[in-house]
Each structure stands twice: as structure tokens, then as C-alpha cells.
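Colleague: Shown below is the structure under consideration.
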Amino acid sequence: MSTTETVLLIVLAGLVVLILANIAFQVAAERNNPPIGVFTDCDGVRLHHIERGDAAAPCVVLFHGNGTMVQDLVLSGLVDRLAQNYRVVCFDRPGFGYSHRPRTRIWTATRQAALFAKALDQLGVRNPVVLGHSWGTLVAIALALRSGYAVSGLVLVSGYYFPTARTDFWLMSAPALPLLGDLMRYTISPIISRAIMPKLMRTLFAPRAIPPEFKNEFPISLALRPKQLRAAAEESAFLIPAAAQLRLQYRGIRCPVRIVHGKADRLIEADQSRRLHAVLPSSLLHLVEDAGHMVTYADAAGIADAVAALAPTAPVRTA
Numbered sequence: 001m002s003t004t005e006t007v008l009l010i011v012l013a014g015l016v017v018l019i020l021a022n023i024a025f026q027v028a029a030e031r032n033n034p035p036i037g038v039f040t041d042c043d044g045v046r047l048h049h050i051e052r053g054d055a056a057a058p059c060v061v062l063f064h065g066n067g068t069m070v071q072d073l074v075l076s077g078l079v080d081r082l083a084q085n086y087r088v089v090c091f092d093r094p095g096f097g098y099s100h101r102p103r104t105r106i107w108t109a110t111r112q113a114a115l116f117a118k119a120l121d122q123l124g125v126r127n128p129v130v131l132g133h134s135w136g137t138l139v140a141i142a143l144a145l146r147s148g149y150a151v152s153g154l155v156l157v158s159g160y161y162f163p164t165a166r167t168d169f170w171l172m173s174a175p176a177l178p179l180l181g182d183l184m185r186y187t188i189s190p191i192i193s194r195a196i197m198p199k200l201m202r203t204l205f206a207p208r209a210i211p212p213e214f215k216n217e218f219p220i221s222l223a224l225r226p227k228q229l230r231a232a233a234e235e236s237a238f239l240i241p242a243a244a245q246l247r248l249q250y251r252g253i254r255c256p257v258r259i260v261h262g263k264a265d266r267l268i269e270a271d272q273s274r275r276l277h278a279v280l281p282s283s284l285l286h287l288v289e290d291a292g293h294m295v296t297y298a299d300a301a302g303i304a305d306a307v308a309a310l311a312p313t314a315p316v317r318t319a
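Have a look at this one:
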């Protein structure tokens, strides 16, 4: 056997070991972190979601950002705060957590909004206040722009609304490539992602420290599964095109809008929210001092107040 053949066999054996290890890692991650909500089948997609609060109260729908899942919004305290006065529905968006992401569809913000409009209709949710964080703001906006589904208000947190030159988003999209991306996700991508995760988390929460509840309880292992890495990579690739498509429609938003952004956000600059506020002059903008991209943790109370301003008919509990 030649040296070249020997090297190729070693490389092939290494790839097989990595693939098997990542499959085992994915199985273990799901065994150790079972679903915390319930499932609903909608338009051929199995969606995982949680519901909290009074089923008869006005409804608030929450959409998480890229790379995360419902646990993020639970750990921030937002779900519990809102559940005191509202029916809260929080989805794992397609491909994240335990929601499926069929590869036969291109999961743009508009496509996701169409799916969620049907899912919310199945759940009997009418005229909700919709809160989106980060990538989830685009889904929230797309839902509000749909002619067949009415929302009573939008709360947009840490969003990216206007295309800019962001090579980092394109670089993060490599695992979404056909074939090569599949090989990456089952070999080196989980390893690389785990290595950069500490620095990424510090960037997301900066200038504040990572909250203990997130550090100790967020299921990082679920976020590093090959199938979730595909969803995260696709959304990195779709972010700028989605903003480019929706920016032409922002003036068509008819419901009240509250915009929240951390002034010190190191991932998505606060100027994105300032620009959206300028396009939507009737909106209210709240820039949070000493807060970064995860302003949901830094100012959960203020964000809950923004929701309350859009759903004034909610019952007030005294206990």
C-alpha cells in the first residue's frame, strides 16, 4: 500500500469516527435534555412549543433568535413574567430545539411566518402580541405583514432590519452548503462550535456577565447537534437577504410597534433599531443602557412592560 493510500485510509477512518461520535453526541444530548413542551403537526412540520399562563387571557407569542430555542426565553424570565397576565405561546422555530425543519423547503422569515400563522390558528390564537428576539424579529414582522393573520402588536428586540456588509454572517453559513456542509456538520463543525462557544456567549451578553441561570441551565449540547447547526447556518445565510426583502414592506405594518435594543450590542448594532424607528414614526424605541444583544436578560421587566402597553385588556392578577 502506498503512502498516499495509507494517508487516505487514515483520513477516512478519522471521518468515520467523527461521524459516529457526533451521532452518539446528538443522541446523548436529546436523552439528557428531553422536550419541555408539547408537539403540534402543521402543514407537514412537527413543531415543539410551550404554553404558559391563563388560556383565556390575551395571547403573547414569542419567537427566539438564531441558534437557540425556547429555553432561552424561559431562562431570561420573560415567559414567567408574561404568564402572570397572558397566555404565552413560545415556539421552537423550524430546525431548533425539537421542531423539525424539512429540507424540501427554504425556511425564509416569510415561509416561517406562513407556517406559524397556520399553527397559531390551529391553537386558537387570535390577534396576539408577537415578540421576536434577534432573527425572530424578522419572523414576527413577516407574520404582522400577512394579510390573512392579524396581530395586535409587535415587540421587536435586538433585531437586524437593514442589510449591511457582514462577512461574519456569510462565514457562519458554510455548514448549510449541500454535501460539504453535511460533512462538516457531522465531523468538525460541532468541535469548532464548542470551541468558540465561550467567546460567542461573552459577546452576546457583553458588556454584562453571562447570567448564572443561562450558564448553568441552557442546553448547549442541543444547540451543537448537527441538525441544529444546519438550521443556524441557513439562517446566517438568509439574514441579509431577509432584511433586504422585508425592508421594502416595513411601512405596511399597521399594528403598534415597540422596539427594544441594547445600546452596547456587539452583534447587531443599535443603529438597526434606530433606523427602523425612523421608518415607523409611530413606533416607540427603547435603548437599554449597559446592555448587549441578550437584552432579554438585562431588561426582561422593561420588555414585559412593552408587551403590556400593547395588550391593555389583560387581566391583572393580585396573587
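Our numbering puts the sequence shown at residues 1 to 319.
Each residue gets a CB set at the ideal place from its N, CA and C atoms; glycine is no exception.
Remember, predicted model here, so these are calculated numbers, not experimental data.
1. Could you pull out every unbroken alpha helix (DSSP H) segment of at least 4 residues lying fully inside the region 247-271, listed in chain order?
2. Taking the alpha helix (DSSP H) that GLY181 belongs to, which residues open and close that run?
3. Please confirm whether any heavy atom of the ligand MG lies closer than 7 Å to the CB of VAL79.
4. With C-beta atoms as the reference, is PHE63 less than 8 Å away from VAL125?
5. Under 8 Å, do ALA291 and ASP299 count as touching if we go by C-beta distance?
6. Quick check on the burial criterion: 16 or more other C-beta atoms within 10 angstroms. Buried or exposed for ARG31?
7. The alpha helix (DSSP H) that contains VAL205, what's its start and end?
8. Rounded to whole angstroms, what is the Cα-Cα separation between HIS100 and ASP43?
9. Just how far apart, CA to CA, sit GLY321 and ALA57?
10. Return the Cβ separation of ALA242 and GLY67 in integer angstroms, given the expectation that the two are a contact with Cβ distance under 8 Å.
11. When DSSP labels each residue in this structure, what does ALA314 get in the three-state scheme?
12. Grab the span of the alpha helix (DSSP H) containing ASP80 for me, first residue to last.
13. Could you check if ASN216 is buried or exposed, using at least 16 other CB atoms within 10 Å of its CB as the buried criterion?
14. Could you please give me the residues that DSSP links to GLU51 through a beta bridge?
Modeller: According to the data block:
1. none
2. That run of the alpha helix (DSSP H) goes 180-185.
3. The model depicted lacks the ligand MG and carries no ligand whatsoever.
4. no
5. yes
6. exposed
7. The sequence shown places Phe at residue 205, not Val. It spans 189-205 - the alpha helix (DSSP H) in which PHE205 sits, taken as one unbroken run.
8. The C-alpha of ASP43 is placed about 12 Å away from the C-alpha of HIS100.
9. Any answer about residue 321 is impossible in this case: the structure gives the chain only from 1 up to 319.
10. With a Cβ gap of about 16 Å, ALA242 and GLY67 do not count as contacting.
11. With a pLDDT of only 45 at ALA314, under 50, the local geometry of the prediction cannot be trusted, and no value is derived from it.
12. In this chain, the alpha helix (DSSP H) harbouring ASP80 covers 78-83.
13. exposed
14. VAL89
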